[in-house]
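Worksheet: one structure, shown below.
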Amino acid sequence: MDDKEILDIYKEGKKDYAFNLITRKYSERLYWHLRKLLNSHEDTNDILQDTLIKVWHNLPNYREDAKLYTWMYRIATNEALTFLKRQQLKNRLLFKKIDNENTDDIIADPNFSGDKAQADLQVAINALPPKQKAVFCLRYFDEMKYDNMVEIMGGTTGSLKASYYHAYNKVKDHLLKVTNYE
Amino acid sequence: MKQNNNILENQHLRENPYIVPVGYFSQLENEVNAKIHGKASLPSRIWMKSKSVVILACSFILLWGLGYGIFSLANLGNKSIATESGLLALIDEGYLSSSFIEDYYDEINLSEYLSRFEKNDVLNDNTANEIEESLTSNEILEYLYNE
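In structure tokens form, the structure reads like this:
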């Protein structure tokens with residue numbers, strides 16, 4: 264069922280049914296997008312549920328000027344960035360290290376089934392500032408075009424390209440250091 | 115060196131290394147619906163958003179109250195007349211009647227009070243002690259005022 268049909272069902276008054284269709288169609292994609300940004304399944308679950316609840320409450324205001332998925336993606340990304348910034352501030356105030364700061368922590372996660380190289384990559388990504396992390400994940404993993412990224416994150420194509428460039432080099436330097444390449 | 119610069123271009127690194135708990139997505143819909151239609155109503159959400167502001171305001175009020183309380187306790191002694199020196203001063207100035215003195219007799223150190231009249235001939239230490247032991251408060255006052 265496409266987005267237009269779902270929105271027509273919603274406008275007919277079958278709001279719960281339409282919302283469940285949206286949840287079944289998009290929750291998995293949103294989950295994997297959030298999972299790369301956040302450090303754990305539990306945090307991802309919390310942010311995903313907050314996102315879906317916000318979608319429910321804001322559906323009456325959805326203006327259809329952006330695709331439904333882009334709109335949901337934007338809400339999810341903003342929720343994740345807000346969470347990451349709050350977590351970063353809390354860690355600084357409490358002089359606490361970020362979660363999953365080293366490879367062993369990531370490999371120990373029961374929901375991680377990758378190898379050491381992938382764990383090293385995730386450590387490097389976790390060290391990025393929140394916005395750079397989001398830009399890197401959208402470009403590197405989802406291969407999203409910058410024009411689409413502007414719709415989700417705001418800003419300009421130039422600023423997003425600069426963010427990705429800096430993030431890419433930081434991650435690459437970390438991987439080279441960890442793998443001891445000359 | 116060229117290979118090192120392309121370390122991130124390894125396609126294996128772009129693969130998804132994560133898994134989800136079994137049945138997670140099928141339960142997700144029910145959990146979200148429960149939150150939307152259950153206890154997570156609008157007043158609850160307003161409280162969740164304003165919680166930090168309310169806590170900050172309550173902390174400020176508590177600190178102010180503690181400060182006011184400490185300040186009040188610190189000034190209480192200065193204003194009290196239920197101390198020895200306070201009572202003695204009021205007796206000298208005639209503000210307290212004998213009946214009042216009777217009530218607060220236990221609080222007054224009689225030796226100190228008698229010594230303030232400088233009755234050298236009669237009120238030496240021993241005499242003062244004898245008087246203290248044998249006389250009531252009214253008798254003492256009558257004796258003193260008649261001298």
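Chains as they are written, first to last, in the working numbering: chain A, 264 to 445; chain B, 115 to 261.
The beta-carbon is built from N, C-alpha and C at its ideal position, and this holds for glycine as well.
Because the structure is a prediction, the values reported are computed rather than measured.
With fewer than 16 neighbouring CB atoms inside 10 Å of its own CB, asparagine 189 of chain B falls in the exposed class. For the stretch 392 to 422 of chain A, the beta-carbon criterion of a distance under 8 Å to any beta-carbon of chain B is satisfied by Tyr403 and Phe404. Here tyrosine 132 of chain B carries a strand assignment [DSSP, helix/strand/coil]. Shown here, phenylalanine 375 of chain A sits in a strand according to DSSP, grouped into three states. For the stretch 140 to 154 of chain B, residues whose beta-carbon sits nearer than 9 Å to a beta-carbon of chain A comprise Leu142, Glu143, Glu145, Val146, Asn147, Lys149, Ile150, His151 and Ala154.
Counting only residues of its own chain and dropping the five nearest sequence neighbours on each side, lysine 379 of chain A has a CB closer than 8 Å to the CB of Thr366 and Ile370. Close to chain A, meaning a Cβ-Cβ distance shorter than 9 Å, is no residue of the stretch 161 to 191 of chain B at all. When the alpha-carbon of tyrosine 427 of chain A is set against those of A:Glu291, A:Ile388, A:Asp266 and A:Asn341, the nearest one is in A:Ile388.
Burial state of cysteine 400 of chain A is buried, judged by a 10 Å Cβ sphere holding 16 or more other Cβ atoms. The beta carbons of leucine 384 of chain A and alanine 343 of chain A sit no closer together than 9 Å.
DSSP places isoleucine 415 of chain A in the uninterrupted alpha helix (DSSP H) bounded by 409 to 416. Taking one beta carbon from each stretch, the stretch 273 to 280 of chain A and the stretch 137 to 144 of chain B have fewer than 3 pairs nearer than 8 Å; the two do not touch. The beta carbon of glutamine 381 of chain A falls within 9 Å of a beta carbon belonging to chain B, placing the residue at that interface. Under the three-pair Cβ rule at 8 Å, the stretch 278 to 285 of chain A does not count as touching the stretch 303 to 311 of chain A.
Tyrosine 325 of chain A sits in coil when the DSSP states are folded into three classes, being neither helix nor strand. Shown here for methionine 412 of chain A: same chain residues with a beta carbon closer than 6 Å to its own, the five before and five after excluded, namely Leu401 and Leu423 in chain order. Assigned with DSSP and collapsed to three states, leucine 301 of chain A falls in coil, not helix or strand. If you ignore the 5 residues before and after proline 393 of chain A, its C-beta comes within less than 6 Å of the C-beta of Leu344, Leu347 and Lys348, all in its own chain and listed in chain order. If you look at phenylalanine 346 of chain A, you'll find it in the alpha helix (DSSP H) that goes 331 to 356. Sequence-distant partners of arginine 298 of chain A (beyond 5 residues in either direction) whose C-beta falls short of 7 Å from its own C-beta, in its chain, are Thr307.
Between valine 136 of chain B and chain A, the shortest Cβ-Cβ separation is not below 9 Å. Using beta-carbon distances, glutamate 291 of chain A counts as an interface residue toward chain B, with a partner under 9 Å.
For leucine 438 of chain A, the enclosing alpha helix (DSSP H) stretches over residues 420 to 442.
Around the CB of serine 186 of chain B, fewer than 16 other CB atoms lie within 10 Å, so the residue is classed as exposed. At least one CB of chain B lies nearer than 9 Å to the CB of lysine 435 of chain A. By the criterion of a C-beta distance shorter than 6 Å, arginine 337 of chain A is surrounded in its chain by Ile415, once the five residues flanking it on both sides are discounted. In the structure shown, phenylalanine 185 of chain B falls within a helical segment according to DSSP collapsed to helix, strand and coil.
When the beta-carbon positions are compared, glutamate 327 of chain A and leucine 270 of chain A come within less than 9 Å of each other. Arginine 349 of chain A is outside the set of residues whose beta carbon lies under 9 Å from a beta carbon in chain B.
For the pair tyrosine 409 of chain A and tyrosine 431 of chain A, the CB atoms are not nearer than the 9 Å cut-off.
At a cut-off of 9 Å between beta-carbon atoms, serine 426 of chain A makes no contact with chain B. In the DSSP assignment, histidine 151 of chain B falls within the alpha helix (DSSP H) that extends over 138 to 151.
Gln312, Leu315, Ile316 and Trp319: these are the residues of the stretch 306 to 340 of chain A whose beta carbon lies less than 7 Å from some beta carbon of chain B, given in chain order.
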